[in-house]
Amino acid sequence: MADSSAENDPSISDDSKAFKVKFAFLFGVTFASVIGGFGLAVGVTRRRSPTSFSGQVHDEGAKLAMRALGWGTVISVSGVAAIGIVGKSAYELKKVVFR
């Protein structure tokens, strides 16, 4: 019987909506940081060695791609970790439990 009263409580649905909005915002920021980090890595690499983007496939192109992928990964993982830390501190969470 206690479950049926919880289903009719409007504050639970409001909390659920607020959680979904917050989750969507954090997901959007995370996605933007991943795309931005990878784009930044490719852009910086393109400026450093513009001849590697001439369209010819060779060993230096593979090295360039691996370097860009590595930096993009480092930047995106750092961004996601920073967002997680900021989000955790903003919501004053003591313990995070995944279910």
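Letter by letter, the sequence shown follows residues 1 to 99 in the numbering used here.
Think of the CB as a built atom: it goes at the ideal place given N, C-alpha and C, for glycine as much as any other residue.
Owing to the predicted nature of the structure, the values given are computational and were not obtained by experimental measurement.
Just to confirm, are residue i and residue j a CB contact at a threshold of 9 Å?
| i | j | result |
| --- | --- | --- |
| Ala41 | Gly79 | no |
| Ala61 | Gly39 | The amino acid occupying residue 61 in the given sequence is Gly; Ala does not appear at that position. In this structure, Gly39 does not lie closer than 9 Å to Gly61 by Cβ. |
Please classify residue i as buried or exposed, where buried requires at least 16 other C-beta atoms within 10 Å of its C-beta.
| i | result |
| --- | --- |
| Leu93 | exposed |
| Gly43 | exposed |
| Gly28 | exposed |
| Ser76 | buried |
| Ser33 | buried |
Return the CA-CA distance between residue i and residue j, expressed in angstroms with no decimal places.
| i | j | result |
| --- | --- | --- |
| Thr45 | Ala68 | 7 Å |
| Leu85 | Ala65 | Rather than Leu, the amino acid found at residue 85 in this sequence is Ile. Computed Cα separation, rounded: 30 Å. |
| Val21 | Gly87 | 13 Å |
| Tyr91 | Phe31 | 20 Å |
| Thr51 | Gly36 | 23 Å |
| Ser16 | Asp59 | 52 Å |
| Ala18 | Lys63 | 45 Å |
| Leu26 | Ser49 | 35 Å |
| Lys95 | Ser89 | 11 Å |
| Ala81 | Arg47 | 28 Å |
| Ile83 | Phe23 | 12 Å |
| Val97 | Val74 | 25 Å |
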